[in-house]
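A.B. asks: Take the position in the sequence shown, starting the count at 1, then add 66; the result is the number in our numbering.
Glycine included, every Cβ here is placed at the ideal spot set by N, Cα and C.
After the structure tokens below, expect a handful of questions from me.
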Amino acid sequence: MSEEVYSLVVAAFDDKESAEYVYDTLLTMENAEMVDLKMASTLYRNDKGKLKVHHKHGLTTWKGAAGGVAVGVLLGGPILGGAVGALIGRRGKGELGEVKEFLDERLGQEESAIVILLRDAQWEAVRDMLKRHDAEPLMLELSPEAERAIAEATADEEVIHSVREEIEIVDHSGE
């Protein structure tokens with residue numbers, strides 16, 4: 067695990083298509099070296115209102131972490147909650163504990179969201195791209211301590227089981 071600072075960005079959209087389009091745009095931005103995309107997942111609610119995570123892009127930051135499980139932990143998974151949130155630095159507004167509340171307020175049956183983990187980014191370009199899709203992103207910096215806590219949590223079988231019970235995970239990353 068590096069001592070670099072990673073940024074977590076969560077954005078919700080008023081339709082189901084925007085999260086997918088934003089993901090494709092992020093891939094283009096990564097190819098143009100505008101962002102260093104470490105992880106990306108799109109989120110929806112299934113017919114029963116359960117959060118459904120479509121893991122799209124790898125996760126090499128935390129060894130052994132399945133991408134969708136790491137997203138579940140980042141979303142304030144059932145066991146960690148405030149323990150990880152207390153370790154999160156600030157960037158923009160909010161702390162990790164606010165991510166679940168952010169999604170609960172903005173993610174209904176007809177909406178979508180994206181969760182991305184970036185190491186380096188041309189932030190103005192990322193914000194402008196999200197703004198074009200009427201998204202007001204929640205941006206957080208993950209401290210090295212938070213990264214260690216997440217790495218430990220995603221290596222714990224009990225956490226993995228609990229996250230999978232709470233969140234439906236579909237892995238599209240091919241990893």
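1. Is the CB-CB distance between L74 and L208 below 8 angstroms?
2. Between the stretch 101-112 and the stretch 180-188, can you find at least three pairs of beta-carbon atoms closer than 8 angstroms?
3. Assess contact between the stretch 83-99 and the stretch 195-209, defined as three or more Cβ pairs (one per stretch) separated by less than 8 angstroms. Is contact present?
4. Checking 8 angstroms against the spacing of the C-beta atoms, do V76 and V165 come in under that value?
5. For A98, does the count of other Cβ atoms within 10 angstroms reach 16, so buried, or fall short, so exposed?
6. Between A215 and V229, what straight-line distance do the alpha-carbon atoms span, to the nearest angstrom?
7. Please identify the residue among E177, L117, W189, T94 whose C-alpha is closest to the C-alpha of I233.
8. T94 and I180 look like a contact to me (Cβ under 8 angstroms); what is the Cβ gap, rounded to whole Å?
9. Considering just the uninterrupted stretch of the beta strand (DSSP E) at E234, what are its terminal residues?
10. Reducing DSSP to helix, strand and coil, say where H120 ends up.
11. My understanding is that D81 touches E167, with C-beta atoms under 8 angstroms, so please give their C-beta distance in whole angstroms.
12. Which residue comes first and which comes last in the beta strand (DSSP E) that contains A78?
C.D. replies: In terms of the structure at hand:
1. For the purposes of this step, residue 74 is identified with residue 8 of the sequence shown, where counting begins at 1. For the purposes of this step, residue 208 is identified with residue 142 of the sequence shown, where counting begins at 1. Taking 8 angstroms as the Cβ cut-off, L74 and L208 qualify as a contacting pair.
2. yes
3. yes
4. Reading the sequence shown from its first residue, position 10 is the one you call residue 76. Reading the sequence shown from its first residue, position 99 is the one you call residue 165. Yes. Within cutoff.
5. On the sequence shown, residue 98 is found 32 positions in, with the first residue counted as 1. Per the 10 Å Cβ criterion, exposed.
6. Position 149 of the sequence shown holds residue 215. Position 163 of the sequence shown holds residue 229. Cα to Cα, the separation comes out at about 15 angstroms.
7. Walking along the sequence shown from the start, residue 233 turns up at place 167. The residue with the shortest Cα to Cα distance from I233 is L117.
8. Position 28 of the sequence shown, counted from the first residue, corresponds to residue 94. Position 114 of the sequence shown, counted from the first residue, corresponds to residue 180. With 8 angstroms as the limit, T94 and I180 do not qualify as a contact, their Cβ atoms being about 14 angstroms apart.
9. Mapped onto the sequence shown, residue 234 falls at position 168. Unbroken beta strand (DSSP E) run through E234: 234-237.
10. By 1-based counting over the sequence shown, the position of residue 120 is 54. Here H120 sits in strand by DSSP.
11. Working through the sequence shown from its first residue, we reach residue 81 at position 15. Working through the sequence shown from its first residue, we reach residue 167 at position 101. About 21 angstroms; that fails the 8 angstroms criterion.
12. Residue numbering aside, residue 78 sits at position 12 when the sequence shown is read from its first letter. Segment 72-79, the beta strand (DSSP E) holding A78.
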